[in-house]
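Novice: My questions all concern the structure below.
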Amino acid sequence: MCKGIHLSKEKFLYSETTDCIQIEAAPFYIPERSSPVDNYFFYAYTIKITNHGQQRVQLLSRSWLIRNGKKEENEVRGEGVVGEKPFIEPGESYQYTSFCPITTSTGNMRGKFKFRNEADLDFWVPIPVFFLRKPETFFPQVHA
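With our numbering, letter number 38 in the sequence shown gets 54, and the count goes up by one each step, no holes.
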């Protein structure tokens, strides 16, 4: 129970539930912060974490694997997210937005969050892989 994966192409929303913790990722391209001629593509993403379990959990740390279109990888690890280590009550959600510049027009991110439950047990929850792509690459124009 409390397991599953879902992708909504209409909203570019990627979702996965593990151990009753749902992680939703919604990436988006920021053209005004990008400079394609300089191989600089600025993406942001919103992460929503929902606790579908019976215990309060605390997000302790994160680990990301960021891959650009040339399959070059960068690993990022750190405490909490955006300077916080939030507690998430049963039935509640926590949401934040961050960013990721890459050197190619496409890429992807995946990772995991480390949580602690009320029994002081630590556990990892995967962040579903999500793709960093400009909107027009999802829905290319058809030319007659």
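We treat Cβ as the ideally placed atom computed from N, Cα and C, and that holds for glycine.
All figures in this text were calculated on a predicted structure; none of them were measured in a lab.
Using a Cβ-based criterion (distance less than 7 Å to any ligand heavy atom), does S50 qualify as near the ligand COA?
Specialist: For the structure depicted, the ligand COA is absent and the ligand set is empty, with no information on it obtainable.
Novice: Taking the alpha carbon of G127 as the point to measure from, which residue in Y110, V97, I104 has its own alpha carbon closest?
Specialist: Looking at the Cα atoms, V97 is the closest of the given residues.
Novice: Can you have a look at A41 and say buried or exposed, based on whether 16 or more other CB atoms are within 10 angstroms of its CB?
Specialist: With 16 or more other Cβ atoms within 10 Å, it is buried.
Novice: For F115, which residues in the same chain have their Cβ closer than 6 Å to its Cβ, ignoring the five residues on either side in sequence?
Specialist: Cβ neighbours of F115 beyond the five flanking positions: A60.
Novice: Compare the Cα-Cα distances from Q74 to each of S31, W80, P102, I143 and report the closest residue.
Specialist: The shortest C-alpha separation from Q74 is found at P102.
Novice: Hey, would you say E134 sits closer than 8 Å to R72, going by beta carbons?
Specialist: Yes, Cβ-Cβ distance for E134 and R72 is below 8 Å.
Novice: What does I37 pair with, by DSSP beta-bridge criteria?
Specialist: Its beta-bridge partners are T34, N67.
Novice: So what does L81 bridge to, in DSSP terms?
Specialist: According to DSSP, L81 bridges with E91, R126.
Novice: Taking C-beta to C-beta, are I118 and I82 nearer than 8 Å?
Specialist: Yes, these two residues count as a Cβ contact at 8 Å.
Novice: Specify, as a first and last residue, the run of the beta strand (DSSP E) that L148 falls within.
Specialist: Segment 138-148, the beta strand (DSSP E) holding L148.
Novice: Note the first and the last residue of the continuous beta strand (DSSP E) segment covering T113.
Specialist: 109-118 is the span of the beta strand (DSSP E), which, as asked, contains T113.
Novice: Using 8 Å for Cβ pairs, my map puts L76 next to F28. What's the rounded Cβ distance?
Specialist: 28 Å between Cβ atoms; not a contact.
Novice: Between the beta-carbon of K86 and the beta-carbon of T120, is there less than 8 Å?
Specialist: The answer is yes: Cβ separation under 8 Å.
Novice: Under 8 Å by Cβ, that's how I've got N55 and E108 pegged, so tell me the actual separation to the nearest angstrom.
Specialist: That pair is no contact at about 40 Å.
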